[in-house]
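The structure appears below as structure tokens.
Number of protein chains: 2
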Amino acid sequence: MTVQLLKQRILTEGVYLGNGILKVDSLINHQVQPDLMGIIGKEFGKAFGQYKIDRILTAEISGIMPAIMAGLELNVPVVYARKKRPITMSGHIYLETAASHTKGGEVHLMVSGEFLHSGESILIIDDFLASGETLLAMARIVKSAGAHLIGVGCIIEKRFEHGRKRLEEAGYADIPIVSLATIAHMSERGIVLADD
Amino acid sequence: MTVQLLKQRILTEGVYLGNGILKVDSLINHQVQPDLMGIIGKEFGKAFGQYKIDRILTAEISGIMPAIMAGLELNVPVVYARKKRPITMSGHIYLETAASHTKGGEVHLMVSGEFLHSGESILIIDDFLASGETLLAMARIVKSAGAHLIGVGCIIEKRFEHGRKRLEEAGYADIPIVSLATIAHMSERGIVLADD
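Chains as they are written, first to last, in this note's numbering: chain A, 1 to 196; chain B, 1 to 196.
Now the structure itself:
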């Protein structure tokens, strides 16, 4: 099993819904499959195994699966930013906002100061790299905590939404930004992946 | 590593917040730890490995981690019920409601008919077995789909909230209801686990 299987499944099961939206509910956003979970973990392990990582940061909901697979492979704790403050979250909270294309409006991302500390090396993992809004909000949380962002990993990059460029322009040009599958363009006629 | 480590961590890191609420944000609900994830997966594997399972059903958000660990161990797909309908979810949807103690009010649980089929054998996994509200809502979704619930697995059971009794009274007395750690009672003086 390799990342080629993941790419194949995105091409066969992904559905373009118009307005830049890709439905991959059978693989990532509603149902998840154990064989693909294994591939995702191993690929993130290969991409980031050489770095010292103290913690993985992701955002609920669909970031949790790939972050957990990376956490298992890299053997580090995973923190998932909450979108609504749970009753158990108190004390110092890092809160950032991100505009959401697929959800409409703005989402809050909250991480308790208990689980993110100054000086730590943080890897951010998420399902999509699209406009980069959510990833940039997480990067601001890492910065606010005085921690260091050492890399960003996503399952699917929508290259035409330019999130990678925004991350680079925001000061992250020198860290690895890894996508397991990159969509060059998509339309009613289908999904076209970028060459590796 | 055994389930004893999980129990020990619940006792040392769990914080009783009053009003029946246990904070285990360092282990389950905000941060998750790879060693405990491994234990959780293996224990669910032991508990349900002898059954034919087509799919695991859980509810976002904190059910996703234990469900994924069980899915990896049992090698079956995991479907997570959504609480808000994402833009990608259309067609036939199974929707149930559950009263939420920790969140206040009522939550919706939605599963697309694409990922739950008549005749399938379903294992439900969640983080907590407390009042049983969420688990009962998921059980109703399984029933609505014409699928069969073959077991229920949770990380932590709050015995004093009687969810197990409610599941048994709702017609699930004959299936395995497995909790990895059972809290007999908790108060300002501490958390007391039930004997195995």
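Glycine included, every Cβ here is placed at the ideal spot set by N, Cα and C.
Can you give me the start and stop residues for the alpha helix (DSSP H) that residue i sits inside?
i	result
Phe128(B)	Per DSSP, Phe128(B) belongs to no alpha helix (DSSP H); it is in the beta strand (DSSP E), 121-129.
Leu21(B)	Per the sequence shown, the amino acid found at residue 21(B) is Ile instead of Leu. Note, Ile21(B): premise wrong, no alpha helix (DSSP H); not H, not E.
Lys143(A)	133-144
Hey, quick one: how far does the beta strand (DSSP E) through residue i stretch, first residue to last?
i	result
Met186(B)	177-187
Met37(B)	Element bounds for Met37(B): not the beta strand (DSSP E) but the alpha helix (DSSP H), 34-48.
Glu96(A)	93-99
Ile56(A)	55-59
Ala81(A)	78-81
Ile191(B)	190-193
Beta-carbon of residue i versus every beta-carbon of chain A: anything under 9 Å?
i	result
Thr88(B)	yes
Gly45(B)	no
Val79(B)	yes
His30(B)	yes
Gln33(B)	yes
Ile39(B)	no
Glu60(B)	yes
Leu11(B)	no
Ile155(B)	no
Val142(B)	no
Ser26(B)	yes
Val76(B)	yes
Against chain B, with Cβ distances strictly below 9 Å, would residue i count as a contact?
i	result
Ile64(A)	yes
Phe48(A)	no
Arg82(A)	yes
Phe115(A)	yes
Ile191(A)	no
Lys23(A)	yes
Val111(A)	yes
Met138(A)	no
Met69(A)	yes
Leu72(A)	yes
Leu17(A)	yes
State buried or exposed for residue i, treating a residue as buried only when at least 16 other CB atoms are found within 10 Å of its CB.
i	result
Leu149(A)	buried
Ala184(B)	exposed
Ala194(A)	exposed
Glu106(B)	exposed
Thr58(B)	buried
Ser179(A)	buried
Gly71(A)	buried
Arg189(B)	exposed
Thr97(A)	exposed
Lys23(B)	buried
Gly91(A)	exposed
So, with DSSP's three-state summary, where would you put residue i?
i	result
Glu161(B)	helix
Arg9(A)	helix
Leu116(B)	coil
Thr2(A)	coil
Glu169(A)	helix
Lys52(B)	coil
Met69(A)	helix
Met89(B)	coil
Taking 8 Å as the cut-off, is the beta-carbon of residue i closer than that to any non-hydrogen atom of the ligand FMN?
i	result
Asp54(B)	The model on display carries no ligand, and the ligand FMN is accordingly not part of it.
Does the stretch 120-134 of chain B come close enough to the stretch 56-73 of chain B that 3 or more CB-CB pairs lie under 8 Å?
-> yes
Open item on the list: Check whether the stretch 15-30 of chain B and the stretch 103-119 of chain A are in contact - that is, three or more C-beta pairs closer than 8 Å.
Closed with: yes
Quiz item: For the stretch 1-8 of chain B against the stretch 170-177 of chain A, are there 3 or more C-beta pairs whose distance is under 8 Å?
Solution: no
_the stretch 74-84 of chain B contacting the stretch 5-21 of chain A, beta-carbon criterion three pairs below 8 Å_ = no
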